Structures are given as C-alpha cells and as structure tokens.
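Written out below as structure tokens is the structure these notes cover.
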C-alpha cells in the first residue's frame, strides 16, 4: 500500500512507517504534481498541495490525512462522490492555542502592553487600571479541544467557565454549557468571549453586530477559530466597547495593511500564529503513525471528518 507524504519527516520516522507495511512516496508540497507515481498512491498525508495536485487523477486514493485542524482548504467537491476517508489533526495544536488564549486574557487585564511601551520609552509610571481575572466569567463559543485545553488552564484563575456546543451537553472544565441556539446567553453574560468553532456553512459570519451589541461594556473578545466566522466590519463598529480584543485569524490573510484593525490601541493582532509550538511536529507524527497503524490493521481512525458537515 502506497502513502504519499508532502512533508519530509526524516529517515527514522519514515522507516517507522515502512515497518507497518507501507511503501512511502515523498514529494515536497510546494512542487508536487500528478505523475504515475503520485497517482497510484492509496493514502495522502499532507497539509495543502491542492493548488498543484489534482486528486481526481488519483484513482486509488482511499484515505487523506490532513495535518491541520481546519479542512476548508480541501477540494470538497472532488471528494464528496468518492469513498475517501478524511482525518484531521484535531488536538495537536490545542495546547499552544490554549496557552495563547490565557496569555492574551492576562495581557488585556494586566495592561502588559502599556508597560512594555513605557519600558521602550524609559517611562516610570504606575498604572491603576489593572483588573483581576479572578471572579470573571469566561465563555467559549465551541467546546472542542481548543476550548477544552484553554478552559483546563484557566481553572487555576478562579473563573467561571461557560461554553456553547451543538446540544448544550456537559463538558469537563465547563461549569455550564448552552446549545448553539442559545449562545446569546454567553455573549450577554460573559466578561470574556472566545471563539473556537470551525468554519462551516452554518458558522460563516455568525459573530456579527447582533452579538457585539449585547456584549458587556469593557468585556474582552478573542478569536482563534476562523476569521470568516466574525464579521470584521461589525467588530470595528463596536470596537470601542471592549477592554481588549485579541485576534489570531482574519477574514482575509494576511491582514491587509489598510485594515482599520491595525489602528486600535485595544486590539492585539497575531499572524495566525497561536498554534505554533516546538512540540507540534512530534505530536503530528505520532497522530499520523497511529492512524496509519489503525488503517492497515482495519481499526477505526481517530479524528474522522464528515465532509458534508465540515468538521
């Protein structure tokens, strides 16, 4: 059985895959194109080669392992009518993103950005607008692995944690959960609202003026889900009501230099960087190895995706 990799994990790791009984084909993702070797692959392990690689020509393809969480870059129309399994990298990036969320909540409440600016300017000036995180109510739109890892890390700060998921079912680390139709309860009542849901047909633009309008004055808004979930024009319209906004994802990336979001003192912008960690490659390879092992042994795969739902 042939596996096409578009990232080189090195001889030691590839040998480990071969020991499972696979033949490995490797082509760099930036230059991979269709040829006889590629088109005979049974499995594709990749990030995003779909600009140059036409999977409709890969007639033997039975399983795609994506090394990202998001799947919006996958050519769904070329897969829907084929019996191809798809698995993502759910959970691999949740720890660094969880840490990123905690860091920027604290930065906003502790005014660390102001102190950094003062240090650069050699200014000695005390700031008395600092707020405790203790006693705040933090709400997550989505209670998947990203939200769970962040909620887990917030336990020590003595906060109340709410969440939103499809059915309102209970989740570990969350004191209260609401079904999606009742997410306004989170927007109205939480001091911090964090968006972690994936982009689907149902979630595109779902965070708009109707949500920002009902949020508390002086609250905090954070997005690490997908940029197109949030209506940026509406966010800009209501930007002054927030103590702070932290954004790692945007409707269009990279964020245009002319975007007004760059101009606000209460907005923190990072370049879709919250997932980055020195531990990611090892976690990702372990996930790939375990799924390939399960596949060849006819066992269930982890992190299976329902293409029709988008997650």
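In the UniProt record's numbering, the protein residues as written are 1 to 311. Glycine residues also receive a C-beta, built at the ideal position from the N, C-alpha and C atoms. The structure displayed is predicted, hence computed values, not measured ones.
Is residue 22 helix, strand or coil when you go by DSSP? In the structure shown, residue 22 adopts coil according to DSSP, grouped into three states.
Which residues mark the beginning and the end of the beta strand (DSSP E) in which residue 246 is found? Run containing residue 246: 242–247, per the beta strand (DSSP E) assignment.
Considering Cα atoms alone, identify which of 52, 24, 82 is closest to residue 32. The shortest C-alpha separation from residue 32 is found at 52.
Taking buried to mean at least 16 other C-beta atoms within 10 Å of its own C-beta, is residue 129 buried or exposed? Around the beta carbon of residue 129, a 10 Å sphere encloses fewer than 16 other beta carbons of the protein chains shown; the residue is thus reported as exposed.
Range of the contiguous beta strand (DSSP E) that encloses residue 2: First-last of the beta strand (DSSP E) with residue 2: 2–5.
Residue 285 to residue 37, Cα distance in whole Å? C-alpha separation (whole angstroms): 23 Å.
Compute the beta-carbon to beta-carbon distance between residue 230 and residue 195, rounded to the nearest angstrom, for a pair I have assumed lies under 8 Å. In this structure residue 230 touches residue 195 by the C-beta definition: roughly 7 Å separates them, less than 8 Å.
Could you give the uninterrupted runs of the alpha helix (DSSP H) lying entirely in the segment 70–128, keeping only those of 4 residues or more? Taking only runs of at least 4 residues, the alpha helix (DSSP H) segments lying wholly in the segment 70–128 are 94–110, 112–120.
Could you spell out where the beta strand (DSSP E) holding residue 220 opens and where it closes? It spans 219–223 - the beta strand (DSSP E) in which residue 220 sits, taken as one unbroken run.
Would you say the segment 152–162 touches the segment 124–140, given that touching needs at least three Cβ pairs under 8 Å? Flag = yes, the segment 152–162 and the segment 124–140 touch.
C-alpha distance - residue 22 paired with residue 4, whole-angstrom precision: Cα to Cα, the separation comes out at about 10 Å.
Start-to-end residues for the beta strand (DSSP E) that takes in residue 138: First-last of the beta strand (DSSP E) with residue 138: 137–141.
Quick check: what's the CA-CA separation for residue 306 versus residue 11? Rounded to whole angstroms, residue 306 to residue 11 spans 33 Å at the Cα level.
Of the residues 259, 114, 166, 152, the one placed nearest residue 244, counting alpha carbons only: Checked all of 259, 114, 166, 152; the closest Cα to residue 244 is 114.
Can you give the Cα-Cα distance for residue 208 and residue 227, rounded to whole angstroms? Pairing residue 208 with residue 227, the inter-Cα distance amounts to about 12 Å.
Need the endpoints of the beta strand (DSSP E) that residue 176 sits in, please. Counting along the chain, the beta strand (DSSP E) containing residue 176 begins and ends at 176–179.
Roughly how far, in whole angstroms, is the beta-carbon of residue 170 from the beta-carbon of residue 134, given that I think they are within contact range, below 8 Å? Beta-carbon to beta-carbon, residue 170 and residue 134 are separated by about 24 Å, too far to satisfy the 8 Å threshold.
How close, in whole Å, do the beta carbons of residue 192 and residue 105 come, if the pair is a contact with beta carbons under 8 Å? Distance from residue 192 to residue 105 at the Cβ level is roughly 6 Å; contact confirmed, criterion being Cβ atoms closer than 8 Å.
Using the DSSP secondary-structure output, state which residues sit across from residue 160 in a beta bridge. Among the bridge pairs identified by DSSP, residue 160 is matched with 137.
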